[in-house]
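Since the structure comes first, as structure tokens, the remarks are kept for the end.
Residue numbers (the working numbering), protein chains in the order written: chain L, 1 to 632; chain U, 1001 to 1249.
As structure tokens, this is what we get:
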């Protein structure tokens, strides 16, 4: 025998865990600790039958509520809310449980899982959601039994029957949910978006470059964006983001683009990309260097070929870009040289001397660039992300003392030296590299691939791209040297799941619904009979075989003539005598109960055939039908 | 909600109800009723059913497809006469306790409630007369020695139920007593002393039962007909049925 309450408690703890686990990484220490303690405490209380009764749990819940509500603000709404949810869940787990308390636990768990979607909305969320729906549906059925009698016990076989029927609930509900997801109208704007922005962080790509701000850079492996396009040579995988054109006290930022500047890449191969960025606050959209046209989103393409949108903050979006793959951006009307030659007042004497030397020796812009490149090559500067220069003049320390740094040091120093040598220069922030996922046919670009390079304006050519990091010893191009074994394939497989999840679920919108309807309509219109006689024959054959299979299946389930007549007879007797014939009632017993000569007659004819293990003859059937008719 | 609605509908459909009552029911006296819930569905089980008949509730937590569940309860009818029970009601909160589904199940029971048998002065006279010349009879009676233990058929008075033996078996067991043979009697309702009709009918019912149990054939004189004395159980029930509807037209 199985006690309903034990099964219900077990399901309840599982449901609460499914609400807690996805949120755990985002919780404060106290709720993160309280919840597991509540699970252990709840199990102990179940065994001992010692549960705090109201009003103690209510008072504790109110105190926590007041504590977390006091922390609410527009900027910090999600954090206190999810912490409060978990604490309320924990309090409910250790306290007395009546039917309404179980419902509260189910609701709190569901809200907690929904709360986790404000931090991350990976495909794991779908797994948690399905599992939670299945368990809650089953638990609701068990709870109905519990509400009827909390001490109810059910036999093992009965429980098996009950659970098999209870599982029909989620089994029926999940396909319906999928259908409703497709057909129900939805808003174009995520309602909870305002909550989500505060929770998101920008890691990797930054809108400013400040070498020397920290002694090490931690690589963040999380996805930055995915780009659906054909595979390209690795050296072409420069994803252009922001152009940082202004140097203000050792920090490169993006200033207003000088009026009239307008660039393009001439005579280059055009690559079409569909980009699915992860939600960020920056508003910069990325594309292969250099973007020429953008569609699918309200965005502007500036004169220095930077795409920026105001609508993507915190939202999952998708856009299409055509990029002209090339290293040189031609400007239509020249550039504001003075703007791109500005330098900070504090400039290292050693760097100033180096720039002066290059400026003196180089006759043209190209020569100056080549001289500077040879300086980097011969200086034996190594590429590193730890033990970075953090002194008052980090670039001087980088070039002449430590001789180690990351792309920010290389690009900043290179651009500053170019400017000091009289060559207009600017930084370009974006990403370099990408892992091509053959399953999904897209590039996965992660935050650890964030990169900065330089564009120098060479007279007669335009803005030419240089990546000073490649001049270092030990600069490993992104994507190279990554593992190519089972782990890599598994990671790519999981990422393609995420990709399709984003594609089909997260970025699903009203437009797609209309597309779907149009496609169905189109396909329906496209159906036509085959004109080729061979095809027609094949189609007819398939149709005939299908028909034959259907008939065979129907015959397999066909009820015999004897059974049909008997069913009709029993129905009529039940109706005439207004009583229920039990399955155990024999026909002769029935005849003796009813004391009706017509029933006697039926039973005699029917029994003569069936009880002698033979089928009814046509004559017997006719007689039985007459009896049935007389019974009315 | 849609799926739970369908499951709730499937749960409560295909249920049949049968009410088994003894053919000897007296008004004001408790009698045992048995309610059978039959799940006529082939495979789909039914859960958490509550059946309600004449204000009495019985519950069944699980009836598998094609199976039945039986519940007994004690019921008392306050008035004599013919009673029709057209249907019973079945309730279920399954699958989730948000809504309770209800369904009527036809019963179509017609029962006759006899007047409650009450001892009266007239009965004492018969008792005294009967004490002399009584003969032992092999027939089943209600006042002799225990002759054997039999299954409860629903017609025996509850005092004959052998509770200790019944507790050991799944069915009720009753004590069968021996009887004696005596002279026939015709009871005239109008001749029974007493002002109120119900009191006289109760006395007549008591007399009919008492006399037939003591093996004395009993008849009944009614305003429009006379039923000749006889001893059978069917005859006794027929007399009681006449008393049940007496004056009800």
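Every residue, glycine too, gets a C-beta built ideally from N, C-alpha and C.
Just so we're clear, the structure is a prediction, and the values are computed from it rather than from any experiment.
Interface flag, residue i vs chain U, CB-CB below 8 Å
i                      : result
residue 580 of chain L : yes
residue 279 of chain L : no
residue 22 of chain L  : no
residue 141 of chain L : yes
residue 585 of chain L : no
residue 172 of chain L : yes
residue 1 of chain L   : no
residue 165 of chain L : yes
Residue i - containing alpha helix (DSSP H), residue span
i                       : result
residue 338 of chain L  : 337-340
residue 629 of chain L  : 618-631
residue 1011 of chain U : 1002-1012
residue 44 of chain L   : 29-48
residue 387 of chain L  : Element bounds for residue 387 of chain L: n/a, residue is neither H nor E.
is_contact[residue i, chain L] using C-beta, thresh 8 Å
i                       : result
residue 1158 of chain U : no
residue 1204 of chain U : no
residue 1072 of chain U : no
residue 1045 of chain U : yes
residue 1038 of chain U : yes
residue 1094 of chain U : yes
residue 1055 of chain U : no
residue 1097 of chain U : yes
residue 1061 of chain U : yes
residue 1042 of chain U : no
residue 1058 of chain U : no
Delimiting residues of the beta strand (DSSP E) encompassing residue i
i                       : result
residue 98 of chain L   : Here residue 98 of chain L belongs to no beta strand (DSSP E), and DSSP marks it neither H nor E.
residue 1228 of chain U : 1226-1230
residue 144 of chain L  : Looking at the DSSP string, residue 144 of chain L is not in any beta strand (DSSP E); the run it does join, the alpha helix (DSSP H), is 123-148.
residue 634 of chain L  : Only positions 1 to 632 of chain L appear in the structure, and residue 634 of chain L is not among them; the question remains open.
residue 241 of chain L  : 238-244
residue 227 of chain L  : 223-228
residue 1017 of chain U : 1015-1020
residue 1070 of chain U : 1068-1075
residue 573 of chain L  : Counting along the chain, residue 573 of chain L falls outside any beta strand (DSSP E), though it belongs to the alpha helix (DSSP H) covering 561-577.
residue 1157 of chain U : Counting along the chain, residue 1157 of chain U falls outside any beta strand (DSSP E), and DSSP gives it neither H nor E.
Same chain, Cβ closer than 6 Å to residue i, five either side skipped, listed in chain order
i                       : result
residue 1151 of chain U : 1171
residue 627 of chain L  : 598, 601 and 602
residue 528 of chain L  : A caution first: residue 528 of chain L carries a pLDDT of 49, below 50, which makes its placement in the model too unreliable to give a value.
residue 478 of chain L  : Residue placement at residue 478 of chain L is flagged as unreliable, the pLDDT there being 43, under the threshold of 50; a coordinate-derived value is accordingly withheld.
residue 1071 of chain U : 1035 and 1058
residue 1157 of chain U : none
8 Å Cβ cutoff met for residue i and residue j
i                       : j                       : result
residue 382 of chain L  : residue 472 of chain L  : yes
residue 1104 of chain U : residue 1019 of chain U : no
residue 319 of chain L  : residue 297 of chain L  : yes
residue 974 of chain U  : residue 176 of chain L  : Any property of residue 974 of chain U remains undetermined from this structure, which presents chain U solely from 1001 to 1249.
residue 165 of chain L  : residue 229 of chain L  : no
residue 621 of chain L  : residue 561 of chain L  : yes
residue 409 of chain L  : residue 427 of chain L  : no
residue 243 of chain L  : residue 304 of chain L  : yes
residue 1114 of chain U : residue 1231 of chain U : no
residue 1022 of chain U : residue 144 of chain L  : no
residue 147 of chain L  : residue 99 of chain L   : yes
Residue i - DSSP class collapsed to helix/strand/coil
i                       : result
residue 114 of chain L  : helix
residue 1138 of chain U : At residue 1138 of chain U the pLDDT is 43, less than 50, meaning the model places this residue with poor confidence and gives no usable figure here.
residue 611 of chain L  : coil
residue 552 of chain L  : helix
residue 196 of chain L  : Annotation note: pLDDT 48 at residue 196 of chain L (below 50); position unreliable, coordinate value reported separately. Helix, per DSSP.
residue 1100 of chain U : coil
residue 26 of chain L   : helix
residue 205 of chain L  : coil
Sequence-distant residues of its chain with Cβ nearer than 8 Å to residue i (five each side left out)
i                      : result
residue 94 of chain L  : 38, 41, 42, 45, 51, 52 and 57
residue 122 of chain L : 498 and 501
residue 594 of chain L : 573 and 577
residue 372 of chain L : 358, 414, 417, 418 and 421
residue 526 of chain L : Confidence is the limiting factor: at residue 526 of chain L the pLDDT is only 49, short of 50, which leaves the residue's position unreliable, though a coordinate-based value still follows. Closer than 8 Å at Cβ, skipping near neighbours: no residue.
Nonlocal neighbours in the same chain, by C-beta distance under 7 Å from residue i, ignoring five residues either side
i                       : result
residue 1200 of chain U : 1189, 1192 and 1194
residue 1160 of chain U : 1174 and 1175
residue 493 of chain L  : 439
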